[in-house]
Amino acid sequence: MNPKVATSLNKLRTACIELLCTTMAWADFKTPNHSELRSKIISMFFKSLTCRTPEIVAVAKEGLRQVINQQRMPKELLQSSLRPILVNLAHTKNLSMPLLQGLARLLELLSNWFNVTLGGKLLEHLKKWLEPEKLAQSQKSWKAGEEPKIAAAIIELFHLLPLAASKFLDELVTLTIELEGALPPGQVYSEINSPYRVPLTKFLNRYAPLAVDYFLTRLSQPKYFRRFMYIIRSDAGQPLRDELAKSPQKILASAFPEYSPKSDVVMTPGSSSTSAAILGDDGLVTPLPDSSNPASAPSSATSDAYFRDLDLSKLW
1 MNPKVATSLN
11 KLRTACIELL
21 CTTMAWADFK
31 TPNHSELRSK
41 IISMFFKSLT
51 CRTPEIVAVA
61 KEGLRQVINQ
71 QRMPKELLQS
81 SLRPILVNLA
91 HTKNLSMPLL
101 QGLARLLELL
111 SNWFNVTLGG
121 KLLEHLKKWL
131 EPEKLAQSQK
141 SWKAGEEPKI
151 AAAIIELFHL
161 LPLAASKFLD
171 ELVTLTIELE
181 GALPPGQVYS
191 EINSPYRVPL
201 TKFLNRYAPL
211 AVDYFLTRLS
221 QPKYFRRFMY
231 IIRSDAGQPL
241 RDELAKSPQK
251 ILASAFPEYS
261 PKSDVVMTPG
271 SSSTSAAILG
281 DDGLVTPLPD
291 SSNPASAPSS
301 ATSDAYFRDL
311 DLSKLW
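At position 64 of the sequence shown the residue is numbered 64 (the UniProt record's numbering), and the sequence of numbers has no breaks.
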């Protein structure tokens with residue numbers, strides 16, 4: 001298509017979506033007589049979130065935000081609107097930048113609808129990047145050199161997951177270090193110029209107290225120490241620096257344990273006290289049934305529970 005024609009069409013689509021956003025806020029359009037048409041417009045908003053045109057994405061996201069603020073969407077509508085993304089998310093070969101960016105936008109808008117077990121599926125995908133040559137041969141739809149960008153976009157999703165995603169801290173950090181080691185030397189991205197650290201930093205920032213404790217207990221391990229130093233020196237690491245500034249005793253206890261009383265030793269992440277400090281009371285996070293725990297449930301059962309209160313078993 002002629003670039004000028006494509007630009008004109010995108011401007012027209014953007015203007016049409018803006019008009020529909022205005023229409024959705026119109027009081028007379030909220031009557032039962034227009035419910036079917038409203039559903040079609042909402043579905044179009046969802047579909048537009050994976051568009052490659054930033055202007056279209058921006059207005060569609062704003063339209064969806066307005067709808068969410070104005071009403072609670074029916075489960076059936078939400079399920080049908082999410083189906084295209086869920087179907088493609090099931091297999092690594094179907095992952096793409098527009099898909100993952102669209103999922104990120106959905107997490108920003110509808111985080112409460114997502115189940116933390118989605119993180120288990122994302123980790124499952126990321127492990128495929130530990131064998132880059134095999135991955136490149138099996139992925140025919142990706143452009144050359146796009147593989148690291150896809151993995152970085154997956155890591156980018158973790159800071160948007162529900163609060164209970166803090167349980168993925170150890171596995172995500174360890175896997176990210178392994179992924180950096182698997183980056184081929186001499187390419188645009190390498191272990192030194194890693195595309196994964198900024199997305200990981202966003203996740204660590206969200207759970208700054210837990211992340212600081214995690215790395216302080218591993219200062220004697222070079223691979224953790226080097227990453228932590230890089231992250232806290234980066235522009236994105238301000239929340240972690242702020243947390244460190246509040247924890248001088250923890251730093252001293254971790255760096256010089258032989259001179260610190262036993263009572264000052266940093267508590268290891270995962271202990272009940274540390275988890276409580278981050279997650280608060282159990283009532284703040286809806287507990288999942290044992291069958292939906294990614295560590296104990298089969299993959300098919302886990303994937304059925306990625307979204308709260310929705311029957312998505314037919315999608316996998």
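Ideal Cβ positions, reconstructed from N, Cα and C, are used throughout, including at glycine.
_Across the stretch 152 to 165 and the stretch 198 to 209, are there enough close Cβ pairs to call them in contact, namely three or more that are closer than 8 Å?_
With contact defined as three or more Cβ pairs closer than 8 Å, the stretch 152 to 165 and the stretch 198 to 209 are in contact.
Q.
Closer than 8 Å is the cut-off here; do at least three beta carbon pairs connect the stretch 108 to 125 with the stretch 162 to 171?
A. Yes, the stretch 108 to 125 is in contact with the stretch 162 to 171.
So for Phe228, helix, strand or coil by DSSP? If DSSP states are grouped into helix, strand and coil, Phe228 belongs with the helices.
Under 7 Å from any heavy atom of the ligand SAM, does the C-beta of Gln79 make it?
Judged by which ligands are present, the structure shown has none, so any question about the ligand SAM falls away.
Can you check whether the CB of Leu175 is closer than 8 Å to the CB of Leu126?
Yes, they are a contact pair.
Hey, could you find the ends of the alpha helix (DSSP H) residue 366 is sitting in?
With the chain represented from 1 up to 316, any question about residue 366 goes unanswered, as that position is not in the structure.
* **Counted within 10 angstroms of its Cβ, other Cβ atoms place Glu76 as buried (16 or more) or exposed** => Counting every other CB atom within 10 Å of its CB across the protein chains shown gives Glu76 a total below 16, marking it as exposed.
Is the beta carbon of Leu109 less than 8 Å from the beta carbon of Arg38?
-> In this structure, the beta-carbon distance from Leu109 to Arg38 does not fall below 8 Å.
- [ ] Would you mind stating whether Ile85 and Leu99 have Cβ atoms separated by less than 8 Å?
- [x] It is a contact, given that the beta carbons lie within the stated cut-off.
Counting only the same chain and skipping the five closest in sequence on each side, list residues whose C-beta sits under 6 Å from that of Gly270. Its pLDDT being 44, under 50, Gly270 is placed unreliably in this model, and the value from its coordinates should be taken loosely. Cβ neighbours of Gly270 within its own chain (closer than 6 Å, five residues either side excluded): none.
Notebook entry, point to check: What residue from Tyr230, Tyr207, Leu172 has the CA that sits closest to Pro239's CA?
Noted result: Comparing Cα positions, the closest option is Tyr207.
**Message:** I'd like the list of long-range same chain contacts for Ala136, defined as Cβ closer than 7 Å, with 5 residues on each side in sequence excluded.
**Reply:** Glu147, listed in sequence order.
### Message
Going residue by residue through the stretch 38 to 94, where are the continuous alpha helix (DSSP H) segments of at least 4 residues, counting only ones entirely within it?
### Response
Counting only runs of 4 or more, we get 54 to 70, 75 to 89.
Between which two residues does the alpha helix (DSSP H) carrying Tyr259 extend?
-> Premise fails: Tyr259 is in no alpha helix (DSSP H) and is neither H nor E.
Q.
Rounded to the nearest angstrom, what separates Lys4 and Lys11 at their Cα positions?
A. Lys11 has its alpha-carbon roughly 11 Å from the corresponding atom of Lys4.
Notebook entry, point to check: Quick one: what does DSSP say Glu131 is sitting in, helix, strand or coil?
Noted result: Three-state DSSP puts Glu131 in coil, outside helix and strand.
task = Could you pull out every residue in the same chain whose Cβ sits closer than 6 Å to the Cβ of Ile17, ignoring the five residues on either side in sequence?
result = Val59, Ala60.
Span of the alpha helix (DSSP H), counted from its first residue to its last, around Arg13: Looking at the DSSP string, the run of the alpha helix (DSSP H) that includes Arg13 is 3 to 24.
Proximity winner among Glu180, Leu179, Pro185, Lys121, relative to Phe158 (alpha-carbon distances):
With distances taken between Cα atoms, Phe158 lies closest to Lys121.
Mapping the DSSP letters down to three states, classify Lys246 as helix, strand or coil. Lys246 falls in the coil class under three-state DSSP.
On the criterion of 16 or more Cβ atoms from any shown chain inside 10 Å, does Leu130 qualify as buried, or is it exposed?
By the 10 Å Cβ count, Leu130 comes out exposed.
- Contact check, Lys149 vs Pro195 under 8 Å by CB: the rounded distance? Lys149 to Pro195, Cβ: 7 Å. Contact.
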